[in-house]
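Visitor:
Number of protein chains: 2
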Amino acid sequence: MRVNKVRLVDVAREAGVHAGTASRALNPAARDEVSPQTVRRVERAARKLGYVPNTLARGLRTSRSFVVALVVPDITNPLFPHIVRGAEQVLAEFDYTLVLTDTNNDPKTERSQVAAMRARGVDGFIVATARWKDPVLDELAEAEIPTVLVNRRNDGGRFPYIGGDDRHGIEMCVEHLMQLGHRSILHLAGPADTSTGRERTSAFRQAMRARRLPTSRAIVECASYTEQAGAHAVNAALDRGADFTAIVAANDLLAIGAQEALAEHGINCPKDVSITGYNDADFMRRLTPAFTTVRVPLNRMGALAARTLLAWLRGDEPELSTQILLPVELMQRGTTASARWASRKTTGRDGEAPNTVA
Amino acid sequence: MRVNKVRLVDVAREAGVHAGTASRALNPAARDEVSPQTVRRVERAARKLGYVPNTLARGLRTSRSFVVALVVPDITNPLFPHIVRGAEQVLAEFDYTLVLTDTNNDPKTERSQVAAMRARGVDGFIVATARWKDPVLDELAEAEIPTVLVNRRNDGGRFPYIGGDDRHGIEMCVEHLMQLGHRSILHLAGPADTSTGRERTSAFRQAMRARRLPTSRAIVECASYTEQAGAHAVNAALDRGADFTAIVAANDLLAIGAQEALAEHGINCPKDVSITGYNDADFMRRLTPAFTTVRVPLNRMGALAARTLLAWLRGDEPELSTQILLPVELMQRGTTASARWASRKTTGRDGEAPNTVA
DNA sequence: CAGCGTGACACAAACGATTGCGGCCAGCCT
DNA sequence: AGGCTGGCCGCAATCGTTTGTGTCACGCTG
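The listed protein sequences correspond, in order, to chains A and B.
The opening residue of the first sequence carries number 0 in numbering that gives the first Met the number 0; numbering runs sequentially from there.
The opening residue of the second sequence carries number 0 in numbering that gives the first Met the number 0; numbering runs sequentially from there.
#1: Once DSSP output is grouped into helix, strand and coil, what is the label at residue 215/B?
#2: At 7 Å on the CB atoms, spell out the chain B contacts of residue 81/A, in chain order.
#3: Determine, using beta carbons only, whether residue 212/A and residue 166/A come nearer to each other than 8 Å.
#4: Near residue 1/B, which residues of its chain fall below 7 Å by C-beta distance, leaving aside the five closest residues on each side in sequence?
#5: Based on DSSP bridge pairs, tell me the residues matched to residue 278/B.
#6: Output yes if chain B places a C-beta closer than 8 Å to the C-beta of residue 54/A; else output no.
#7: Determine, using beta-carbon pairs with one atom in the region 250–263 of chain B and one in the region 127–139 of chain B, whether at least three such pairs fall under 8 Å.
#8: Between the C-alpha atoms of residue 42/B and residue 8/B, what's the straight-line distance to the nearest angstrom?
#9: Leaving aside the five residues before and after residue 336/B along the sequence, list all residues of the same chain whose C-beta is less than 8 Å from its C-beta, in chain order.
#10: Do residue 113/B and residue 70/B have their CB atoms nearer than 8 Å?
#11: So, is residue 344/A buried or exposed, given that buried needs 16 or more other C-beta atoms within 10 angstroms?
#12: Would you mind sorting residue 216/B into buried or exposed? The rule is 16 or more other CB atoms within 10 Å of its CB.
#13: Would you call the region 318–328 of chain A in contact with the region 150–169 of chain A, where contact means no fewer than 3 C-beta pairs closer than 8 Å?
#14: What are the boundary residues of the beta strand (DSSP E) that residue 330/A is part of?
#15: Taking only the alpha-carbon atoms, compute the straight-line gap between residue 282/A and residue 62/A and give it to the nearest angstrom.
#16: Is it buried or exposed, residue 226/A, if we count other Cβ atoms within 10 angstroms and call 16 or more buried?
#17: Closest to residue 329/A by CA distance: which of 304/A, 291/A and 314/A is it?
#18: Going straight from the alpha carbon of residue 159/B to that of residue 68/A, what length do you get?
#19: Report yes or no: do three or more beta-carbon pairs, one from the region 88–98 of chain A and one from the region 105–122 of chain B, lie closer than 8 Å?
#20: Answer yes or no: does any C-beta atom of chain A fall closer than 8 Å to that of residue 64/B?
#21: Taking residue 265/A and residue 149/A to be in contact with their CB atoms under 8 Å, please state how far apart those CB atoms are, rounded to whole angstroms.
#22: With 8 Å as the limit, tell me which residues of the region 114–131 of chain A have their beta carbon closer than that to any beta carbon of chain B; keep them in chain order.
#23: Going along the chain, which residues of the region 79–109 of chain A sit with their C-beta nearer than 9 Å to a C-beta in chain B?
#24: Just list the beta strand (DSSP E) runs in the region 200–249 of chain B, keeping only unbroken ones of 3 residues or longer that don't cross its boundaries, in chain order.
#25: From the DSSP output, which residues share a beta bridge with residue 364/A?
#26: Note down, in chain order, each residue of its chain lying with its Cβ closer than 7 Å to the Cβ of residue 312/B, except the 5 sequence neighbours on either side.
#27: Going by Cα to Cα distance, which pick from 285/A, 6/A and 59/A is closest to residue 44/A?
#28: Is there a Cβ of chain A sitting closer than 8 Å to that of residue 344/B, yes or no?
#29: Assuming residue 110/B and residue 135/B make a contact with CB atoms under 8 Å, what is their CB distance in whole Å?
#30: Taking 7 Å as the limit between beta carbons, can you name the residues of its chain near residue 358/B, skipping five residues before and five after?
#31: Would you mind reading off the limits of the beta strand (DSSP E) that contains residue 148/B?
#32: Residues of the region 272–289 of chain A with a CB closer than 7 Å to any CB of chain B: list them in chain order, please.
#33: Within 8 Å of any Cβ in chain B, is that where the Cβ of residue 244/A sits?
#34: In chain order, what residues of the same chain have a beta carbon less than 6 Å from the beta carbon of residue 19/A, not counting five sequence neighbours either side?
#35: So residue 359/B packs on residue 197/B, CB below 8 Å; how close in whole Å?
#36: Measure the C-alpha to C-alpha separation of residue 194/A and residue 156/A and round it to an integer number of angstroms.
Shown next, in the form of structure tokens:
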């Protein structure tokens, strides 16, 4: 039942010193308060007995747990495993432990989970669930708990944030489509309560304006980052007679949903309409056609978030509101094609399209 | 810095009782050692002060941490997020916390990670990384640490195991292919140091034998569950002139690798060769053609593993070697087709196949 | 009315580490 | 030679709970 039968006093006895001395000998930071040969004796004893310190006792005394919590909305979403992995790797390297909590996309369970983590005395949080207005984050800020945001941020800007360069990513999509000759581009916007949704939409507007392309009526917001929402949005756009030869989706799943909805209308991608996704989930390159999308360095984001938090925990107060935007990359694949033949109004897919004008 | 400024003594003072009494009043199991009105006073005081118990101190005293560790080989593998999620949900329900450790498929980091978790005093382990001969598991058994295996098991059978019904899954694949007229079936076996690899291979042998089909030279082992290994295996089989019209892969990734390798040889799936995968990762249904594969209830597996462990921690010593096999389902999709026209030797894919006999 | 059980609580010792404080001794300086 | 410095280490308090053991008063029984 006991974590480990050999305690510090056992090591101390074996080495013929007091427990306090043994503690110092084993602690790199206090090692110089002990004579070198004592250090050696203690170390040998510790190794001999297979001593492993009791983290709980240490944590109780030092009020540090060497645990950080990572909060994700849904680990099943292919976005997050990479972030988790990146974070885990650097945390393990520094002997920190990662506890994962999946909020199931529900603010209420998020709140209670975060409370539970705090009771557990975690040293800090990495939060990937930030909503634009996020009371949970406000509480963390209030309590001055070291916290860094990854992937999404909130509007306060009170926490360091590590993300991808969304503006540039979207701009590359627009530029790419424009190069292909597209002029009427529809944007499937992400939820406005996420920073990614807002940022990408704003970037889309800016990119279009910079190219003197119209954006009015070219943006339709999706309630969530799901296939269904993407399909729904496209159907809505089609219903109101929107005219477009290309779609810039705020997210891969939206892009997939869009493609499926278009296919049901007999509109082919990329022949009739080009589509870009966002995030480059693992499977995007395997689809047929392979999706053009923006690759985000998720692993690095997770790792960098962990490093930032670790530095904070080590005492380096972070610059207030450091916002790190990692470079992204446009993966040009099969869902974007020249707009030369693209004219949905007259061309469906060879005879299959229900609304084709023969 | 302190987890929470209000301690149990504060609550006790507010309620006008001793800390010990307050502790009992707040503990459902010891509540009946305290008069009802005292319980009420203490509860009110606790609520008023916003008391939240210090989990570290409690853990130190009780040597229980209410933490369980979940060990996965690679969270990036689409298999595991569902297991994690299932486990997390039931763990959270019982106020347990899940710490995730990703071993990066490396026995050495697995070993050190597990040691770190033990030092941390986790109450138990859920292990998804089991190898067939697994010294880490032996150590856990030796130390009598509550542990349950999920997805893979080891050869000792000393721990409860929750998995899918691999034998039935593979049998359904073989039966399905046979119904389609296939007689020469190649098996891409998983690594022999995993129970899944062994079990599925054995099931394949048995299913084939039961149908009077030959298995000699029809099995090729893959070193790992990766696309590359799958491709490599198929190439090896082709090189040695193996004759087959269908492939039963031990895993989705192997199946994908196999398909790609075949395609490079101008062999079309499902026209020339049918392929079945295993696990039904999220994206399998999105591929073109959509993969026929075996759906495994990963979420339920994770949840059930957590429940089993929790019961153990509650004191219900598990039946020695309870092995729970959850039912699986064959998802018939596009990579399996009738063997009627399948005769690789003479038919490539219309003109594209480099080795087509015109 | 004595004696005894018992309910309700207080007391204090753990759990296993860290750390401020102070003691001891050797060596150095004057 | 004596005092002082400083290195090295022991002592004991401390972190916040839980829990075994006392203690006290009360009520019941014979």
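Yeah, the Cβ is synthetic: ideal placement off N, Cα and C, and Gly gets one too.
Guide: With the structure as the only source:
#1: Residue 215/B: coil per DSSP, three-state reduction.
#2: 75
#3: For residue 212/A and residue 166/A, no; Cβs fall outside 8 Å.
#4: With a pLDDT of only 46 at residue 1/B, under 50, the local geometry of the prediction cannot be trusted, and the value read off the model is given with reservation. Taken in chain order, the list of residues that qualify is empty.
#5: Beta-bridge pairing links residue 278/B to 294/B.
#6: yes
#7: Not touching, per the Cβ criterion.
#8: 13 Å
#9: 179, 269, 270 and 273
#10: yes
#11: With a pLDDT of 45 at residue 344/A, under the threshold of 50, the modelled position of that residue is not reliable, and the figure given next carries that caveat. That one is exposed.
#12: exposed
#13: yes
#14: 328–330
#15: 43 Å
#16: buried
#17: 291/A
#18: 29 Å
#19: yes
#20: yes
#21: Wrong, their Cβ atoms sit about 41 Å apart, outside the cutoff.
#22: 114, 115, 116, 117, 118, 119 and 120
#23: 79, 80, 81, 83, 84, 87, 88, 91, 94, 96, 97, 98, 99, 100, 101, 103 and 108
#24: 218–220 and 245–248
#25: Nothing can be reported for residue 364/A: it is not among the residues displayed for chain A, which extend from 0 to 357.
#26: 122, 123 and 145
#27: 6/A
#28: Confidence is the limiting factor: at residue 344/B the pLDDT is only 45, short of 50, which leaves the residue's position unreliable, though a coordinate-based value still follows. No, no contact with chain A.
#29: The beta carbons of residue 110/B and residue 135/B sit about 5 Å from each other, so the pair counts as a contact at 8 Å.
#30: Nothing in the structure corresponds to residue 358/B, since chain B is present only between 0 and 357.
#31: In the DSSP assignment, residue 148/B falls within the beta strand (DSSP E) that extends over 146–149.
#32: 282, 285, 286 and 287
#33: no
#34: none
#35: Residue coverage of chain B in this structure runs from 0 to 357, which leaves residue 359/B outside it and unanswerable.
#36: 11 Å
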